[in-house]
Each structure stands twice: as structure tokens, then as C-alpha cells.
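**Q** Just dropping this structure here.
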Amino acid sequence: MIKAEQRQIVWIELYLAVVKCCEVDYLGSNRVVASTSGEAEQVKGGGAVTLGDDPRHATITLTKNYFEDDASKYDNNGYGQNIYVWFDILGHEVKHLDHIAESGNKLSYVVKFFGAYMKMGHDNVPEEKEADLCRNRFNDFYNHVSKIYGVDSFKKLFSEKADKEIIQTIDLWWNDFKNIK
Ligand SMILES: [Zn+2]
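Our numbering applies: residue 665 is where the sequence shown begins, and numbers increase by one.
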């Protein structure tokens, strides 16, 4: 069972510390919260948005289905215990911390972002493409770990070990992954 508090901070910190995809380390007090809206999106798998004026204190908001432990809820999109989908979406979202850092403040980040959306449409926004590269890197890493250490390695690690041991183990896996690249 994955503990609720692991979802709040530990996963982002872990992501930034180990599976490095940002230009600099933004270890600080970034947090994950559940969205109070987005009912229509939840049953289709949901989504996330990352906002803030400081890349060390940003908020990643995910739709509520990410916090639902019963996998059958939200039309089989209850992801509360699904370590893979959490890391997959965080892989994308943490890259936006770089974009917050580049833009300097929340307002210009949002304006730039929505301006770009309107001009180019979602898939062609450069920031989105960059974020997806980071997500793809996590997927390569995940596949590597599943192949070498077994399909349920991530799940077992998070449900059986303490935070410190989780970080040490992922660090080992990550170094191993980097060496074969
Ligand atoms: Zn994005």
C-alpha cells in the first residue's frame, strides 16, 4: 500500500534528486495536490498542471482520480496505488519547473504558456515537447528496471521499503541505467 504522504512531497523530491530531468535541482518544498475541478477529465484518466512563481515552491495539481486507491473508480482510472502512472505524469510535470525558472514568475509563465497554446495548439507547444522528452526518459528507465530487476520492482519497492531505502535503491538503478546508455 502506498502511503498518502508519499504522494504529497516524497515522489517529487525523489524525482528531482534521482531521475534528473531538470536543468538544476529544485529540491525544496514543491507539493502535489488534488484538483477540486476537472470532473469530466477524471473518467478519461485525468491530467495535471504545474504552477508557481518559484521552481522550489511550485504546486503540481492532479485530478482527483490520482488519489483514489480503488482502481475501479473513475471508470477504471483510480490511480492512487499506481506507481507507474504517477511517475509517468510527474516525469512530464517536473520539467515545467525549468519553465517556471526561465520565465521568472507565475504571471509570465501562464501568459507565455497560454499564448503559445493558442498560437500552436497543445502538441506543438515547445514546453510540452520538452516535458514529454522527460516523461519518455522515465519510461526508458522504468522499462530498464522492469527488465533487469523484475516487472513489479517499482511497486514492491514503494510498498515494502522506507523512504530512505527507496531513494538509495532508485539511485542505484538510475546509475545502472545511465551506464548502459
Ligand atoms: Zn505540460
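Even for Gly, the Cβ is constructed at its ideal location relative to N, Cα and C.
1) Using CA atoms only, rank isn't needed, just tell me which of VAL707, ALA765 and HIS721 is closest to VAL696.
2) Between the Cα of HIS615 and the Cα atoms of GLU705, ILE764, PHE802 and GLY768, which residue gives the shortest distance?
3) Secondary structure at LEU691, three-state DSSP: helix, strand or coil?
4) Return the Cβ separation of VAL611 and ASN741 in integer angstroms, given the expectation that the two are a contact with Cβ distance under 8 Å.
5) Is GLU792 near ligand 1, with its Cβ less than 7 Å from a heavy atom?
6) In the DSSP output, what is LEU726 paired with across the bridge?
7) Is the segment 686-702 in contact with the segment 758-767, if contact means three or more CB pairs nearer than 8 Å?
8) Would the C-beta of HIS808 count as close to ligand 1, meaning under 7 Å from any of its heavy atoms?
9) Suppose contacts are defined by Cβ-Cβ distances below 8 Å. Is LEU726 in contact with ALA704 by that definition?
10) Does the beta-carbon of ASN694 have 16 or more other beta-carbons within 10 angstroms, so that it is buried, or is it exposed?
11) What residue range is occupied by the uninterrupted alpha helix (DSSP H) comprising ASN803?
12) So what's SER817 in DSSP terms, helix, strand or just coil?
13) Considering ASN843, what are the terminal residues of the alpha helix (DSSP H) in which it resides?
14) In terms of residue numbering, what span does the alpha helix (DSSP H) encompassing LYS737 cover?
15) The alpha helix (DSSP H) with ASP752 in it runs from where to where?
**A** Quick look at the numbers:
1) Sequence index remark: in the sequence shown, residue 696 carries index 32 (1-based). When the alpha-carbon of VAL696 is set against those of VAL707, ALA765 and HIS721, the nearest one is in HIS721.
2) Here the chain covers residues 665 to 845 and nothing more, so residue 615 does not appear.
3) Position 27 of the sequence shown holds residue 691. Here DSSP, grouped into helix, strand and coil, assigns LEU691 to coil.
4) The first residue shown for the chain is 665 and the last is 845, placing residue 611 beyond what the model contains.
5) On the sequence shown, residue 792 is found 128 positions in, with the first residue counted as 1. At a threshold of 7 Å, GLU792 counts as near ligand 1, since its beta carbon sits closer than that to one of the ligand's heavy atoms.
6) Residue numbering aside, residue 726 sits at position 62 when the sequence shown is read from its first letter. Answer is ALA698 and ALA712, bridged to LEU726.
7) The answer is yes - the segment 758-767 touches the segment 686-702, with three or more Cβ pairs under 8 Å.
8) Within the sequence shown, residue 808 is the residue found at index 144, counting from 1. Incorrect: HIS808 has no Cβ contact closer than 7 Å to ligand 1.
9) Residue 726 sits at position 62 when you count from the first residue of the sequence shown. Residue 704 sits at position 40 when you count from the first residue of the sequence shown. No, Cβ-Cβ distance for LEU726 and ALA704 is not below 8 Å.
10) Here residue 694 refers to the residue found at position 30 of the sequence shown. Burial check for ASN694: the Cβ neighbour count within 10 Å reaches 16 or more, so the residue is buried.
11) Counting from 1 along the sequence shown, the entry for residue 803 is found at position 139. Residue range 790-813 is occupied by the alpha helix (DSSP H) that includes ASN803.
12) Counted from its first residue, the sequence shown places residue 817 at position 153. DSSP, reduced to helix, strand and coil, places SER817 within a helical segment of the structure shown.
13) Mapped onto the sequence shown, residue 843 falls at position 179. Where ASN843 is concerned, the enclosing alpha helix (DSSP H) stretches over 827-844.
14) One-based indexing of the sequence shown puts residue 737 at position 73. Its alpha helix (DSSP H) spans residues 737-740.
15) Against the sequence shown, residue 752 aligns to sequence position 88. Secondary structure note for ASP752: its alpha helix (DSSP H) is the uninterrupted segment 747-757.
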